[in-house]
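So for the sequence shown, the working numbering puts the first residue at 569; every next one is plus one. All C-beta atoms in this analysis are idealised placements derived from N, C-alpha and C, irrespective of residue type, glycine included. Here is the structure we will look at.
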Amino acid sequence: MGLENRLKEYRARNNLNQSDLGKLVGASRQTISLIERGDYSPSVILALKIARVFGTTVEELFLYEEQSGNMSSGYFLMTETKD
C-alpha cells in the first residue's frame, strides 16, 4: 500500500536530474529522491508544482495503491445514497 509515482520516467523524458527538478519546485535533491523511491509522500502543493513543471496532472504522476492491489488516482468519489 502506498503512493506510486512516475517521477523518474517524466524526469528522464525531460532530461532533468533530481537536483534540477528540485530547484524548479523549491525542494532538495534528497526530497525528490525520497519521493521517487516511495519513501516520502509530497505535500499537495509540492505535487502540484511537480506536475506543473511537466505540463501534466497530479493524477498522471502519482497513483495510490490500495491494499487490494487496485491502482487508482488520488481522487475518491463520495456518493450520497438516498433512502
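- Scanning its chain for C-beta atoms nearer than 6 Å, with the 5 sequence neighbours on each side dropped, one finds around Ser609 the residues Leu571, in chain order.
- Judged by beta-carbon spacing, Val612 lies beyond the 8 Å limit of Leu592, meaning their Cβ atoms are not closer than that value.
- Of the other Cβ atoms in all chains shown, 16 or more fall within 10 Å of the Cβ of Asn573; this residue is therefore buried.
- In the structure shown, Gly570 adopts extended strand secondary structure according to DSSP, grouped into three states.
- Rounded to the nearest angstrom, the gap between the Cα atoms of Asn583 and Arg605 is 19 Å.
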